[in-house]
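First comes the structure, then the notes that go with it.
Residue numbers (the working numbering): 298 to 452.
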């Protein structure tokens, strides 16, 4: 795979995009930040894959969230882990908790109730309150999960 170091202006743009989407800039100040040509693009930080692009939106990769989970979370019961770990969307009957402030379109991490570790990155279709009260339907669309192509390529 081809890769190149991002220019200072591209790094500034990336940091601004992260602040706009997530409200934080989780990248270290003095890191070597590179773009890897894989699908729509992967960003490495000091050699470790940390972010990826999908439809012009930048998403965190799961190992990055294991180090620093800066996303709001949806907690699922253990029965929902196998389907989500296979790429299924988050169905509301499996949701046990949702962080305050989640809205339709929020990018969230999905964690299991026992280990409290991220197993997926998803885009919420509902608010926090709706996620906790709904008894049927899709609560969040899974974008990246343990064992997907990105996981297998970079981890």
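All C-beta atoms, glycine included, are put in the ideal place defined by N, C-alpha and C.
Using alpha carbons as the reference points, say which of the options lies closest to residue i.
{"i": "residue 402", "options": "409, 435, 413", "result": "435"}
{"i": "residue 389", "options": "438, 404, 361, 415", "result": "438"}
{"i": "residue 371", "options": "387, 298, 316", "result": "387"}
{"i": "residue 422", "options": "398, 338, 310", "result": "398"}
{"i": "residue 351", "options": "342, 359, 425, 336", "result": "336"}
{"i": "residue 331", "options": "318, 319, 306", "result": "306"}
{"i": "residue 312", "options": "440, 446, 348", "result": "348"}
{"i": "residue 406", "options": "430, 358, 444, 325", "result": "358"}
{"i": "residue 414", "options": "309, 364, 323", "result": "364"}
{"i": "residue 325", "options": "385, 443, 344", "result": "344"}
{"i": "residue 442", "options": "346, 298, 318, 380", "result": "380"}
{"i": "residue 431", "options": "449, 391, 317", "result": "391"}
Terminal residues of the continuous beta strand (DSSP E) containing residue i?
{"i": "residue 378", "result": "From DSSP, residue 378 is part of no beta strand (DSSP E) but of the alpha helix (DSSP H) over 378-381."}
{"i": "residue 346", "result": "345-351"}
{"i": "residue 312", "result": "Note, residue 312: premise wrong, no beta strand (DSSP E); alpha helix (DSSP H) at 305-319."}
{"i": "residue 403", "result": "First-last for residue 403: undefined, no H or E at that position."}
{"i": "residue 367", "result": "Where residue 367 is concerned, there is no enclosing beta strand (DSSP E), given that its DSSP letter is neither H nor E."}
{"i": "residue 331", "result": "330-333"}
For residue i versus residue j, is the C-beta distance shorter than 7 Å?
{"i": "residue 333", "j": "residue 300", "result": "yes"}
{"i": "residue 416", "j": "residue 383", "result": "no"}
{"i": "residue 374", "j": "residue 393", "result": "yes"}
{"i": "residue 321", "j": "residue 361", "result": "no"}
{"i": "residue 395", "j": "residue 433", "result": "no"}
{"i": "residue 339", "j": "residue 328", "result": "no"}
{"i": "residue 451", "j": "residue 385", "result": "no"}
Since residue i and residue j should fall inside the 8 Å C-beta cutoff, what is the C-beta to C-beta distance between them, to a whole number of angstroms?
{"i": "residue 315", "j": "residue 355", "result": "7 Å"}
{"i": "residue 420", "j": "residue 404", "result": "6 Å"}
Please list the terminal residues of the continuous alpha helix (DSSP H) segment that includes residue i.
{"i": "residue 360", "result": "359-364"}
{"i": "residue 451", "result": "446-451"}
{"i": "residue 425", "result": "425-430"}
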